[in-house]
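First the structure, in the form of structure tokens, and then the observations on it.
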Amino acid sequence: MEIPDKNAPLPETLTSAGKDETLKAFREMLRIRRFEETAARAYTRGKISGFLHLYIGQEAIAVGVKLAMQANDRVVGTYRDHGYALAQGSDANACMAELFGKATGLVGGVGGSMHYFDRPNGLWGGYAIIGNHVPVAAGHAFASKYLGDDAVTMCFLGDGAVGIGPTHEGMTLAGLWDLPVIYIVENNRYSMGTPLERTLPTEDITARAAGYGMARDRFELTDPFQVRERIGAAMKRAREESQPTLIEILTYRFRGHSMSDPAKYRAKGELEAFRSRDAIELSRRVLMEQHGMSEDELDAIDDEVIEEMDAAYTFADESPQPDPEHRFKNIMIPVPEEA
Amino acid sequence: MEIPDKNAPLPETLTSAGKDETLKAFREMLRIRRFEETAARAYTRGKISGFLHLYIGQEAIAVGVKLAMQANDRVVGTYRDHGYALAQGSDANACMAELFGKATGLVGGVGGSMHYFDRPNGLWGGYAIIGNHVPVAAGHAFASKYLGDDAVTMCFLGDGAVGIGPTHEGMTLAGLWDLPVIYIVENNRYSMGTPLERTLPTEDITARAAGYGMARDRFELTDPFQVRERIGAAMKRAREESQPTLIEILTYRFRGHSMSDPAKYRAKGELEAFRSRDAIELSRRVLMEQHGMSEDELDAIDDEVIEEMDAAYTFADESPQPDPEHRFKNIMIPVPEEA
Amino acid sequence: MANLQIREAIRDAMREEMERDERVFLMGEEVGHYQGAYKCSQGLLEQFGAKRVVDTPITETGFSGVGIGAAMVGLRPIIEFMTFNFSAVAFDQILNNASKIHHMTGGQFSVPIVFRGPNAAAHMLGSTHSQAFDGIYAHIPGLKVVSVATPYDAKGLLKSAIRDPNPVIFFESELMYAVRGEVPEEEYLIPIGEADIKRPGEQVTLITWGQSVPTSLEAAKLAEADGLDVEVIDLRTLRPLDEAAVIHSVKKTNRAVIAYHGWPYGGVGAELVDRIQRMAFDWLDAPVERVCYDDIPFSYAENLEHLSIPQPEDIYAACRKVAYR
Amino acid sequence: MANLQIREAIRDAMREEMERDERVFLMGEEVGHYQGAYKCSQGLLEQFGAKRVVDTPITETGFSGVGIGAAMVGLRPIIEFMTFNFSAVAFDQILNNASKIHHMTGGQFSVPIVFRGPNAAAHMLGSTHSQAFDGIYAHIPGLKVVSVATPYDAKGLLKSAIRDPNPVIFFESELMYAVRGEVPEEEYLIPIGEADIKRPGEQVTLITWGQSVPTSLEAAKLAEADGLDVEVIDLRTLRPLDEAAVIHSVKKTNRAVIAYHGWPYGGVGAELVDRIQRMAFDWLDAPVERVCYDDIPFSYAENLEHLSIPQPEDIYAACRKVAYR
Ligand SMILES: Cc1ncc(C[n+]2csc(CCOP(=O)(O)OP(=O)(O)O)c2C)c(N)n1
Ligand SMILES: Cc1ncc(C[n+]2csc(CCOP(=O)(O)OP(=O)(O)O)c2C)c(N)n1
Ligand SMILES: [Mg+2]
Ligand SMILES: [Mg+2]
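Chains as they are written, first to last, in full-length UniProt numbering: chain A, 1 to 339; chain B, 1 to 339; chain C, 1 to 325; chain D, 1 to 325.
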């Protein structure tokens, strides 16, 4: 794996963005990071159980994709889904309460960390079986084409999801039928404890695009504006020509796969090197060096964000558990009278 | 689809082969064709039921592959499997009796047309769920590598099997683990009634090889010696370097998908054009034009072959059905005493 | 009344629903140009075009997932499995997506979809192509499961299934596509969840569905000749079970036989036994008997296959047994 | 005697069999370098090397198929599913290949393979990760199905499963990997197919397996305090069922309760009811009762999940019910 250069210059996409949008993106990324840290704390305290997969290190992707999206576009993701939700505009309280398994949660406490859905905000999941959302996302795009609703579906998957059959079938159909969908592989270099070279016969995941008759793109993540730009091109292709694209974004997660993973498999110095290119840190530098903001100003924003997440913690903690009868809800929809 | 040129010269691989081997290959191909015709007749007469998928038009592949094989190599195929069996040396009587559902059949009458297996002759199936043999064949190759038994596994699939997940997973593992397996797509231009362009996002199936980290080869079928040569290179790679290969052989089936298919979907003139490049006919021409054999001599061979297949018909017809208790056989192997 | 084959009743149901609702579409292998492997979609491509009658590559997981995703957006997909044997490669889509999405999204999304196609043994197809999935899909909460045996039921239930806001598994049979019966000219629906008494009787309750319905009716005739009056209940829906109809009958006859295509271990048959013994324990004069497949993968050979499938004589024998004859 | 966790007993079983037989290997996601998602393969990569402890990409169909193919050649694969929920994407390999190949090849090939991993609900994982596959795999002829609840049983049965010439589904539990118990130092095997009486009793037969074994033992204690003497039978093998052990007990107690992790419709529970009512009809003093999951996809919320899983009180209540208390 290629390790980033700590002394590389600041990315151009970031330095050429305006102050307001940089500040906004910085704040959004920070919200995700602080949310995750708060969740981790809650997990350690036994407030949250099950699996908890943190998005720390990859925030710029969710935030950048959101910047590229239009109102009725969709995001379909994996179990590592808190970042998408917050970036899409989901309420932090509801997100946190979902982790706590509370009635006020995003899906009423039935889903937990791995199964976030927020339809009004364009979040279409939250899928926890590797690859099985890839054809589902193709189905959303199929419906868009069928209905002519002009929406683009963005489907995220991990580097570990590339070898599994459902991914292949979903991409085959998307390519064959020219569906307006973008598949974004967040290649964070590991599938649980397994580095890419032990799960994939080739390094470049987008080498597969040819077999699917899809356009492709591949880049090392730097910042949200880079993502907006690169995804933007694919979006145009999807919206205007109904053409799918396979995109691989090289990135890195700073935490273990889930809370139970001490991540002993990392090479020495690897984490530090990636941390030095953390999009949040780079944005902070740009805001200070280029847009003249002070450390205090930025810390104040951080304090606000931390406060929001602390409040989410309290909200979640104080919310009631679902009503016992709730477990029988939403299993079967009654057949409407006229049918 | 590109249609063959009726007036193309005879293939060099065929004209440069010796008389003896040409005659032998001709005879083997003829055996398959006459077997299939006999089976079709039996089907029409109600002697055979279920699905019957004929190999007519593709015989040169099975025969050519056999020519390239060594003693303990394996063939793993689909439900269109009579050709592989006969080419591998399976007894025509047992093959026919299997179709008749008789106790003397290749697998005792329990499998029928779609489930041929003949271990002593290197035929490792006979799989009737599209794509689900692709990882199994990788498993045979895995075992070969594990045991160092020097065997190469050849796995056949149809053009229709390329989009399904199990195919993808099997090939991913073969590529990742450098397994001594050769995947041969017999692209006969149709998956049941569906031409390639409606099932695949790209025309060249071997475009996928890159994603699997595999070598590839692709050619229009001419004759068994061409197949021997092309497969031979892949075999060497498999046996000597433990490297998998993806091969696409463009071919054509002269009959419908199965006995119930009138094949109305063919374009005008298509069948005739492919028939004009029938490897059996070309071989006959070479034997006459180049090796000085007479029409009578060749007809005599045909008569012999027809006689063999008629005898197989009679054998199958006169064989007993399996014993009623046979249906409870081979479900569970008793646990040996020492275990 | 029209006299139709089951395949025609199925096609008419799809056609009428596609005419009624733009959101309904049909997707599967060979459903379009080929008109369906068993000709259940004859004429539909011509009438509705390739947008709504969609030929797919062999990608059961892919097109099942596409159907599910499209249903979440608001379409009404009908997914045809060429046979249900091939649904095994799409099992996860049905188990983990179709049946759960409404629940796991807290009701934000629903999956109004029909998965249909032939199920269970046909004739001499061997073990991989001769499996009944009743017990497997009926096991799963979040699904409805239907199995039809007449043109009338096929049409009325398929129309209901297409309109149902939930995922429905809809079982047909290769063996029965050519079975004929009367079907009204005017529109009608049959509600999912209601069993149908195909033959009233007083002495033994014979519960059945799918391919075993005609066989059970034959068995009832054999019994009749012997002075044993058998009530034949066609379940028609396997999930949810029409418990009331079953229990009502058993409380009358005090004896029950269950006859169906399917492996014996667990499944719909065992579930019925459980409900009967729990809800009619004091009424039962004999243990409930089941007549179903041998507990083995199927053989191709005609004689072996025949022996593994419930025949009228087997069912009749079970009726005699519960009546202590 | 050593005092081991179930995960250690499983590891020891694999280690001993790998030492004994070169053909045995372990394959699955994170089984090597990571030492297993639940640490069941701790130390094995180091001892046996990457040839025999094989990390795979996420390709359940792929590596299940590779295992099947390798078994046909003569190897003895142990395939780990990180959890059985992920076996759904490999369902076809188990249904159409593993269980059928010996039969459909006329006995030319066999598939000596073990599919193992945790099954059923753990703690707050939501609906896609909280499913019991007992009913689904036990339905399928050609498989053996085992479910273990103690370190002693886990080790003895896993060793037998690895030596078995047939495909074996071997269920463990995330919740129980840390459960401790005595395991002999010397080698032993437990035959597949034999139930174990975990607590003898005279008045009610309580049949259970897997995660419900400890819960059932607690229920029996509650009953004991109440003067109700419950016999707890741990099935240990779900296919083939140890019918004799079950029926023998029921003929003694005249009442039966079945407690397990799994959905109610069909499955192992219903199968047991069927066999009991058929083989001990005249001995039964009350309908057989079942205590299992709610008939729903699981919720993540702790309180809802708890309510959906059989608790000692629920099982005890069922025991009282069949005893008419
Ligand atoms: C079919 C299936 N197999 C296994 C798992 C268990 N699992 C969950 S996440 C994961 C690793 C995924 O890695 P990757 O795709 O790279 O995504 P990342 O976690 O790095 O975001 C595994 C093995 C699963 N959820 N589904
Ligand atoms: C998973 C699955 N889906 C569907 C089928 C039904 N089916 C059998 S053969 C076939 C067409 C296969 O075409 P191709 O792969 O091109 O092979 P060919 O028949 O041309 O040799 C189909 C759809 C099946 N056997 N398995
Ligand atoms: Mg990853
Ligand atoms: Mg083909």
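Every residue, glycine too, gets a C-beta built ideally from N, C-alpha and C. Quick caveat: nothing in here was measured; it's all calculated off a predicted structure.
DSSP state of residue i mapped onto helix, strand, coil
i: Gln93/C; result: helix
i: Ala50/D; result: coil
i: Tyr300/C; result: coil
i: Leu157/B; result: strand
i: Glu289/C; result: strand
i: Met27/C; result: strand
i: Phe219/A; result: strand
i: Thr44/A; result: helix
i: Tyr127/A; result: strand
i: Arg277/B; result: coil
i: Ile247/B; result: strand
i: Pro322/B; result: coil
i: Val114/C; result: strand
i: Gln5/D; result: strand
i: Val335/B; result: coil
i: Asp295/C; result: coil
Interface partners of residue i on chain D, CB under 8 Å
i: Ser283/A; result: Those within 8 Å of Ser283/A in chain D number zero; the least Cβ separation is about 33 Å.
Any chain C beta carbon closer than 8 Å to residue i
i: Trp263/D; result: yes
i: His53/A; result: no
i: Pro287/D; result: yes
Contact set between residue i and chain A, taken where Cβ atoms lie within less than 7 Å
i: Thr172/B; result: Gly163 and Pro201
Chain B contact residues for residue i, given Cβ-Cβ distances below 8 Å
i: Ser110/D; result: Ile333
Contact set between residue i and chain A, taken where Cβ atoms lie within less than 9 Å
i: Phe86/D; result: Ile129 and Ile130
i: Pro165/C; result: Met332, Ile333, Pro334, Val335, Pro336 and Ala339
is_contact[residue i, chain A] using C-beta, thresh 8 Å
i: Pro166/B; result: yes
i: Asn119/C; result: no
Closer than 7 Å at the beta carbon, the chain C residues around residue i
i: His326/B; result: Leu304
Chain B contact for residue i (CB, 8 Å cutoff)
i: Glu308/A; result: no
i: Pro312/D; result: no
Under 9 Å from the C-beta of residue i: neighbouring residues of chain D
i: Phe117/B; result: Ile101, Met104, Thr105, Gly106, Gln108 and Phe109
i: Val250/C; result: Within chain D, no residue comes near Val250/C; the closest Cβ sits about 13 Å away, beyond 9 Å.
i: Gly256/B; result: In chain order: nothing, as chain D lies at least about 25 Å away.
Chain-ordered neighbours of residue i on chain A, where CB pairs are closer than 8 Å
i: Ala34/D; result: For clarity, residue 34/D is Tyr in the given sequence; the question names Ala instead. The contacting residues are Met192, Gly193, Thr194 and Tyr265.
i: Glu241/B; result: Correct list: empty, because the minimum Cβ distance to chain A is about 15 Å.
Beta carbon proximity, residue i to chain E, threshold 8 Å
i: Val305/B; result: Absent here is chain E; the protein component of the structure consists of chains A, B, C and D.
Chain C contact residues for residue i, given Cβ-Cβ distances below 9 Å
i: Ser49/B; result: His123, Met124, Leu125, Tyr300 and Glu302
Interface partners of residue i on chain B, CB under 7 Å
i: Lys51/D; result: Tyr146
> Got a sec: which bits of the region 192 to 210 of chain A sit with their beta carbon under 8 Å from any beta carbon on chain D, in order along the chain?
Replying inline: Met192, Gly193, Thr194, Arg198, Thr199 and Leu200: these are the residues of the region 192 to 210 of chain A whose beta carbon lies less than 8 Å from some beta carbon of chain D, given in chain order.
>> If the cut-off is 8 Å on Cβ atoms, which residues from the region 88 to 103 of chain D count as contacting chain C, listed in chain order?
In response: Here the close residues are Ala88, Val89, Phe91, Asp92, Leu95, Asn96, Ser99, Lys100 and His103.
>> Just to confirm the assignment: which complete beta strand (DSSP E) runs, minimum length 3, are found wholly within the region 144 to 216 of chain D?
In response: Listed in chain order, the beta strand (DSSP E) elements of length 3 or more contained wholly in the region 144 to 216 of chain D are 144 to 147, 168 to 172, 180 to 183, 196 to 199 and 204 to 208.
> Along the chain, which unbroken stretches of the alpha helix (DSSP H) at least 4 residues long are found entirely within the region 67 to 111 of chain C?
Replying inline: Fully enclosed alpha helix (DSSP H) runs of 4 or longer: 101 to 104.
>> Extract the residue ranges of the beta strand (DSSP E) inside the region 134 to 205 of chain B, only unbroken runs of 3 or more that lie entirely within it.
In response: Given a length threshold of 3 residues, each whole run of the beta strand (DSSP E) inside the region 134 to 205 of chain B is given here in chain order: 153 to 158 and 181 to 187.
> Can you give, in chain order, each stretch of the beta strand (DSSP E) that sits fully within the region 78 to 112 of chain A and has at least 3 residues?
Replying inline: Listed in chain order, there is nothing to give.
> Which residues, taken in chain order from the region 59 to 79 of chain D, show a beta carbon closer than 9 Å to some beta carbon of chain B?
Replying inline: Closer than 9 Å at the C-beta level to chain B, one finds these residues of the region 59 to 79 of chain D: Thr59, Glu60, Thr61, Gly62, Phe63, Ser64, Gly65, Val66, Gly67, Ile68, Gly69, Ala70, Ala71, Met72, Val73, Gly74, Leu75 and Pro77.
>> Any C-beta of chain A within less than 7 Å: which residues of the region 122 to 146 of chain D qualify?
In response: Of all residues in the region 122 to 146 of chain D, His123, Met124, Leu125, Gly126, Thr128 and His129 have a Cβ within less than 7 Å of some Cβ in chain A.
> Which ranges would you report for the beta strand (DSSP E) in the region 213 to 264 of chain C if only whole runs of at least 3 residues count?
Replying inline: Within the region 213 to 264 of chain C, the complete beta strand (DSSP E) segments of 3 residues or longer fall at 230 to 234, 237 to 239 and 256 to 259, listed in chain order.
>> At a CB distance below 7 Å, what residues from the region 176 to 191 of chain A approach chain B? Give them in sequence order.
In response: Contacts with chain B (Cβ-Cβ distance below 7 Å) from the region 176 to 191 of chain A involve Leu176, listed in chain order.
>> Taking beta-carbon pairs under 9 Å, can you tell me which members of the region 124 to 157 of chain A lie near chain D?
In response: Within the region 124 to 157 of chain A, the residues whose Cβ lies closer than 9 Å to some Cβ of chain D are Tyr127, Ala128, Ile129, Ile130, Gly131 and Asn132, listed in chain order.
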